[in-house]
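Step one of this worksheet: look at the structure below.
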Amino acid sequence: MLLYTILGLLIHLVFFASIFDIYFTSPLVHGMTPQFTPLPPPAKRLVLFVADGLRADKLYELDENGNTRAPFIRNIIMHEGSWGISHTRVPTESRPGHVALIAGFYEDVSAVAKGWKENPVEFDSLINETRHTWCWGSPDILAMFAKGASGNHVFAHNYDAYSEDFGAQDATKLDTWVFDNVKEFFHAARNNQSLFSKLNEDKIVFFLHLLGIDTNGHAHRPSSREYLNNIKIVDEGLKEIVSTLKDFYGNDGKTAFIFTADHGMTDWGSHGAGHPLETCTPFVTWGAGIKYPQKVLAQKFDDTYLQEWKLENWKRQDVNQADVAPLMAALIGVPFPLNSVGTLPVDILNSTDLFKAESMFTNAVQILEQFKVKMAQKKEATLPFLFTPFNSLSDSKQINILRKARSYIKQKKYDEAVSLCKELINLALKGLSYYHTYDRFFLAFNVVLGFVGWTSYASLLIIKSHCNLARGVSKEVKKPSHLLSCSFIAIGVLLALFLLIQACPWTYYIYCLLPLPVWYAVLREFPVIQGLVTLLLTFPPSHFVGYLLLFILGVEVLSTSLSWIFFCLLLAVFPLMPVVGRKPNIFLVVGAGLLVLLLSLFVVTSVLKRKDSLVSEELVLHLLQMLSTVLSICVVYGTHNSLLKKQGLPLINQVVSWIILASSFVMPLLSPLILFDRLFSILVSSMSTYLLLSTGYEALFPLVLSCLMFVWIHMEQETLPQSVVFCKQKVSSIQFTYNTDITQFRDLYLDDIRRAFFLVFFLMTAFFGTGNIASINSFDLASVYCFLTVFSPYMMGALMMWKILIPFALVMCAFEAVQLTTQLSSKSLFLMVINISDIMALHFFFLIKDYGSWLDIGTSISHYVIVMSMTIFLVFLNGLAQMLTTKKLKLCGRPKSHLT
């Protein structure tokens, strides 16, 4: 069993990691030459305001009285600058949004491994290209740009990370802190000659990161008074900062201003997916180099925002979020960020046509440089006769477009030059995507080859060792011919040389060479294959088709039990509930806790009726678990009320929550090893923790799932034929004991395939039953507010992961009982689950998306990862379930009970 476990783990770890090499690698390249507009820029300095989590509609719309929430910004739109919507891309998170704004590229999914906080791949940014940059705001955002900047020209001023508290009384202080510090900074600069000199140089940037709106949105929702009031405070702060800068610089007209957001927010206070409320952010710019407002009679857009916001007569200039970086670079005359894929929005510029054309030409050359480097890297790593170039942008076509664009500029045909440069940018971006996915088919083919090989090998092992079909086949393993061994070795050597010549990464060797030993093992079992084919040919076609459909559909009528039907229907309600956007309902959580207490009272009553020496010990344990449930209910209710009153997370509630979480691992180990008693103890302990991590209907899910698991255990035991097991016991008398594999007891039956299928089904239900998807939107931060409210992505993620694991653990503990009552072989189960999950994984492998909304991307990844993780996860869950069901801690002063 250990050998199969290790082999299965290794192979599935490789398959699991393969999608990140095939679909989610960093698109960045290095080695480009910096490009900048060879003309004097319109601005000497630029101020970038980023209101974290600000939705476009909440800024632009009028309130119920017809008044604007942001009078200063509204005045800018109508009298001083340009405005529109900045369309973000997924994932709509703070780090990717700021990277797109300041560096000009859309960060790849791999950055999530570092919580969007660190730099998985070093990149260039506007801040790196400036002469000096001063930043104020959150340490999470400022640190990543200060870390990536060369030299000592970036000066970051941030508040303490503990200030980012979702349970704080007033999150607007995060923004007022920034405004106050900026004003104090300019006041102090008048008396500091060195600083004063730096502030009067050109090519400088002031970056103000405003986190209050995002924090209030998470804590109170975007429609709340707190969120809307925070917009007013930001608007007033902007007015004060603009006035401060005008006074400091004597209103010299050389300052450009940009106000935008990194992402929006849903009505329920989350972000990360691709809903318009998350991807539509405000974009307002004014000052040096920016066009004044343009009045129009009519505008055509796919939405109805203009009419809703009463701005239909003011020209709207939408941009993509990555376009902001080249705009800022052009305004202050610094090189465009090397990794930027943004297109300069020339229609916003208030400059000469020559400057627009030259800036657009620079933008095209900068993106073309990335294409050239990417093509050169791929060409160098590919054998000449195998290399297929991107024909839409050949070397000759590049030269012709650049020469023609330069000619248009000399002839003062600026509009034609701009149009041609945009065409070149589009072709270069398509070429970048082409070379980025160049090896995708080659790698996918090898992974599929490995999938099919492993599934075939696992099936042969089951047939050979555990299935009646293999009885007609000789179990003597014939020594494979030297020709077979030599052939596979030769293929392996040739593949390794092929990869070595192309200087492929070491992971390519694994993906290409791993299928070889797997298929070698398959062909070694040729006698089994031959015997299987012979036996299958003896089956009547109708029987064969019937068994095949039975396996594929996983359908077999178990029983007409009303309890089974009732709990199946009840469980089926949960996946139909809203996945995202659900409002917290604390009364459902309290109700779930009361149901647990009611069940515990029934169990205590039954314990009191028993007459044995361990009644008192068991009674004390049940009362402690009931007390833990009561405390959980009180903590959940108290924390909810405290946060509503903006009093933060009470310390006593936080301490009690962590104590309950820790005790939930110990309490079940003190209960008797009788099957029902131990499973019920695991349920009650798990529910105490689950209640603390719940915000609504999901608190009922483990309870309903466990009821169905108890019915399943009874049904499997009651429907078990006497001929299958040596001694059929009643469920009430069965005790958990740790046994090694019981393969020797019986062969594999079709019912066991059904049990393996049910295990996979219940594990899937345990994850998707409460609406979990791989969208950041489906995990509400409010779930962990009983434990902490200060933003900590890893701690919050760990708590959410434990919440997800609890239903899995309940299913595996129930299956331990099924294995025990039916004497099911663990080895056979393991191989069957591998086959089922691999067949599903192969299907989901081809459905993975690396484009579209974060919701689509995340869901496609989750489907693949979940089924691929089944083997790895099953080993961990099996160990956890065995520990919870078979281990027993003795109380002080009590003799240890031994099984007979």
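The working numbering puts the first residue of the sequence shown at 793, with every later residue one more than the last. The beta-carbon is built from N, C-alpha and C at its ideal position, and this holds for glycine as well. Just so we're clear, the structure is a prediction, and the values are computed from it rather than from any experiment.
For L1000, the enclosing beta strand (DSSP E) stretches over residues 996-1002. Residue environment: V1458 is assigned as exposed (fewer than 16 neighbouring CB atoms within 10 Å of its CB, all protein chains considered). Within the same chain, and ignoring the five residues on either side of V1503 in sequence, the residues whose Cβ sits closer than 8 Å to its Cβ are S1353, S1355, W1356, F1359. Secondary structure in the stretch 1062-1123: the alpha helix (DSSP H) runs of 4 residues or longer, each lying completely within the stretch, are 1068-1071, 1097-1101 in chain order.
In terms of Cβ geometry, L1415 and V1428 do not form a close pair [threshold 9 Å]. C927 has A948, F999 as its beta-bridge partners, per DSSP. Straight through space, the alpha carbons of I1023 and R861 are spaced by roughly 7 Å. Counting along the chain, V821 sits inside no alpha helix (DSSP H), nor does DSSP assign it H or E at all. Boundaries of the alpha helix (DSSP H) harbouring V1310: 1307-1316, taken from the DSSP string. Between the C-alpha atoms of I1082 and K1641 there is a straight-line separation of about 38 Å.
Contact annotation: K1222 and S1186 have beta-carbon atoms that are not nearer than 9 Å. Within its own chain, the residues whose Cβ lies closer than 7 Å to the Cβ of A1117, once the five positions on either side in sequence are excluded, are L893, I894, A895, G896, L918, P1129, S1132, G1134, listed in chain order. Counting C-beta pairs with one atom in each stretch, the stretch 994-1006 and the stretch 828-846 have three or more that are closer than 8 Å, which means they touch. Check the Cα spacing between S1455 and each of R1017, L1393, T1487, L1419: the tightest is with L1419. According to DSSP, V842 shares a beta bridge with H1001, T1052. Under the three-state reduction of DSSP output, G1042 falls in the coil class, being neither helix nor strand.
When beta bridges are read from the DSSP output, G873 appears opposite W1078. When the Cα atoms are used, S1408 and M1675 turn out to be separated by approximately 24 Å. Residue pairing from DSSP leaves T1613 without any beta-bridge partner. The three-state secondary structure of L1400, taken from DSSP, is helix. Comparing alpha carbon positions, the residue from V1659, S1486, I877, Q1611 closest to M1556 is V1659. Residue burial is scored here from C-beta neighbours: F1472 has at least 16 other C-beta atoms within 10 angstroms and is therefore classed as buried. When secondary structure is reduced to three states using DSSP, R837 falls in the strand class. Under DSSP, S1016 forms no beta bridge with any residue. Contact check for A1673 against C1578 fails: the beta carbons are separated by 9 Å or more. Sequence-distant partners of V806 (beyond 5 residues in either direction) whose C-beta falls short of 8 Å from its own C-beta, in its chain, are G1242, I1302, Y1303, L1306. By the CB criterion at 9 Å, N1670 and I1254 fall outside the cutoff. Counting along the chain, V1133 sits inside no alpha helix (DSSP H), nor does DSSP assign it H or E at all. Partner residues in the beta bridge of S878, as assigned by DSSP, are T1073, V1111.
Under the three-state reduction of DSSP, L1141 is assigned to strand. Spatial neighbours of C1499 in its own chain (CB-CB distance under 6 Å, excluding positions within 5 residues in sequence) are listed in chain order as F1359.
The residue among V1088, D1094, E1018 with its C-alpha nearest the C-alpha of G1061 is E1018. In the three-state reduction of the DSSP assignment, L831 falls in the coil class, being assigned neither a helical nor a strand state. 9 Å or more divides the Cβ of L1602 from the Cβ of M1507.
Beyond the five residues adjoining it in sequence on each side, L1194 comes within less than 6 Å, by CB distance, of no other residue in the same chain. Remark: C-beta atoms of T1487 and S1575 approach each other more closely than 9 Å.
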